[in-house]
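Remarks on the structure that follows.
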Amino acid sequence: MEPNHTSMSETKALLQRYDRPGPRYTSYPTAPSWTDDFGGEDHRQSLLRASEHAGAPLSIYVHIPFCESLCLYCGCSVLITQQQSKGIAYVDELLAEADLVRRSLTAERPVVQHHWGGGTPTFLPPDELVRLFEGLAERFPVAEDEQAEVSIEVDPRVTTTEQLEALRRVGFNRISMGVQDFTPKVQETIHRVQSYELTRDLVNAARDLGFQSVNLDLVYGLPYQTVEDFEETIQKVLTLSPDRLACYSYAHVPWLKKHQRVFDEASLPSAELKMQLYLTALGRFTENGYAVVGMDHFAKTTDALAVAADSGNLHRNFMGYTTRPASDMVSLGMTSISEVQGAFAQNLKSLGEWRASIERGELPVTRGLRRSADDEARRALILDLMCRFRLEFEDHGSREVFLATYSTAIETLKPMAKDGLCSIDENGISVTKAGRLFVRNLAMPFDAYLKNQQKGGGPVYSRTV
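Residue numbers (the numbering used here): 248 to 712.
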């Protein structure tokens, strides 16, 4: 039952059974399971333990929340302002937070992955982009390795060539640009009008400046999308020949993001149409030489991401899929999430509270969780399913022990195997091509927290399709 050969009746039947709320598993345990009794001192203890691993690779994530206007589909933590002075003050505060982290993380840890997201990182002017990066690199040096990923997410509508020049000069080598959809009606509805020509010119400028990799993001499931229009967007994107592509499912979570309530529910694609939109992208991308990476990424077959996926060395964290896993990830900025020595730590979500904590000399953590041994075991097998589409029993203990430990999960998977989403053999569990569309569902039976989260009555996650 491969995606391109599944009948519409079969697809509808699968959607009726499996299109339900579920985590995206950028972490395990997922954020709703974390507790607010994990604070700055707990994070400091994690950083102290991380200092015992001098020379081990480190990842850095920086959250820059500012946007000049609100995209109505957005599910990120953003602050809307056109006052550039707020961004300049924020740089001061980020560097102050970095100092607090450095006091506890004293060991030299080469940074193999340094990523900025938002918000809109290019809300900052060129000199502030330089000041922030150089300040962070002074505190957390980037590995002297041409393969270190130094990447940034940009909005073509507000990003200038001068900003790209500044970023490339200090060492950024990868860039990701949001496209979402080029259809005018869709753009107007989601409040993000961005022409193909503007995007093309920025892609060309980035390549001329020597950025090694260009990624473009699309979103399916947006208001008023049709297969015909989305296919036209895809064809335009392919003319830009990006090294990597992401095709994300729109997460409609109006109970969390109130601005999404402005969408007329009738304008959103049905589950069947949403599946058709994704299958259209899947078909066009693979026909044009892109390999499928994980559940929503694509890369040219020669790209490091595709090579890692093919060799089984792909990893997944809050920054998405990566080829350069690090045991610890330090994140800076309001709402950002660190993962250090087996513990998650999320920063305060209010800019004022985050700033005040830093000014008091306290790590600005509001909640988190230290993983148990059971959490670690389940996290490893969920990562296998999400990244490699294959789980070997022997990698998680013997076959007998695995089947005994996860017997309930195996029973839950058996109907999915009958539906052609996976196969279970003597050696392990394999996700089929059709099952890749439902890989979140295949991971959910191993989630020990999910049942308790679902008992609350209110929605927690977006739908899996």
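Note that CB positions come from ideal geometry on N, CA and C, so glycine has one too. Every value quoted in this text rests on a predicted model; they were computed, and no experiment measured them.
Check, Outcome
"Using a Cβ-based criterion (distance less than 7 Å to any ligand heavy atom), does F510 qualify as near the ligand PLP?", "The ligand PLP is not part of the structure shown, which contains no ligands of any sort."
"Please report the distance separating the alpha-carbon of T436 from that of R386.", "43 Å"
"For G302, which residues does DSSP report across the bridge?", "DSSP lists no partner for G302."
"For D455, which of helix, strand or coil comes out of DSSP?", "helix"
"Three or more C-beta pairs closer than 8 Å, one from the stretch 303-321 and one from the stretch 357-377: is that the case here?", "yes"
"From Y653, H643, L689 and L616, pick the residue whose C-alpha is nearest to that of S278; which is it?", "Rather than Ser, the amino acid found at residue 278 in this sequence is Ala. The shortest Cα separation from A278 among Y653, H643, L689 and L616 belongs to L616."
"Does the Cβ-Cβ distance between R635 and T282 come in under 8 Å?", "no"
"Using a Cβ distance threshold of 8 Å, determine whether the stretch 338-348 contacts the stretch 596-614, with at least three qualifying pairs required.", "yes"
"Nearest-angstrom Cα distance between K698 and E412?", "49 Å"
"In the DSSP output, which residue or residues are listed as bridge partners for A590?", "V587 and R617"
"Grouping DSSP H, G and I as helix and E and B as strand, with all else coil, what is V440?", "coil"
"Taking F419 as the reference, which of G425, Q523, V401 and V433 has the closest Cα?", "V401"
"Check whether the stretch 593-604 touches the stretch 637-653, counting contact only when three or more Cβ pairs, one atom from each stretch, lie closer than 8 Å.", "no"
"Based on the DSSP output, what are the partners of F532 in its beta bridges?", "In the DSSP output, where bridge partners are listed per residue, F532 has none listed."
"Beta strand (DSSP E) containing F545: first to last residue?", "H544 to K547"
"Are there three or more Cβ pairs, one per stretch, closer than 8 Å when the stretch 335-345 is compared with the stretch 368-380?", "yes"
"Sort Q472, V397, D622 and C318 by Cα distance to D694 and report the nearest one.", "D622"
"Specify whether the stretch 567-582 and the stretch 591-602 touch according to this definition: at least 3 beta carbon pairs, one from each stretch, less than 8 Å apart.", "yes"
"The alpha helix (DSSP H) spanning V686 covers which residue range?", "V686 to A690"
"Is the Cβ-Cβ distance between T407 and F477 less than 8 Å?", "no"
"Using a 10 Å radius around the Cβ and a threshold of 16 neighbouring Cβ atoms, would you call E586 buried or exposed?", "buried"
"Out of curiosity, what's the CA-to-CA distance linking T652 and R625?", "11 Å"
"Does M581 come out as helix, strand or coil in the three-state DSSP assignment?", "coil"
"Jot down the residue ranges of each uninterrupted alpha helix (DSSP H) in the stretch 393-447, minimum 4 residues, whole runs only, in chain order.", "408-417 and 431-437"
"Do L492 and F458 have their C-beta atoms within less than 8 Å of each other?", "no"
"If I follow the unbroken alpha helix (DSSP H) through D715, where does it start and stop?", "Any answer about residue 715 is impossible in this case: the structure gives the chain only from 248 up to 712."
"For V450, count the other beta carbons within 10 Å of its own beta carbon; 16 or more makes it buried, fewer makes it exposed. Which is it?", "buried"
"Since W363 sits in a beta bridge, which residues does DSSP pair it with?", "V309 and I399"
"Using only alpha-carbon positions, find the residue among T258, K259 and Y265 that is nearest to P662.", "Y265"
"Three or more beta-carbon pairs under 8 Å between the stretch 497-513 and the stretch 547-556, yes or no?", "no"
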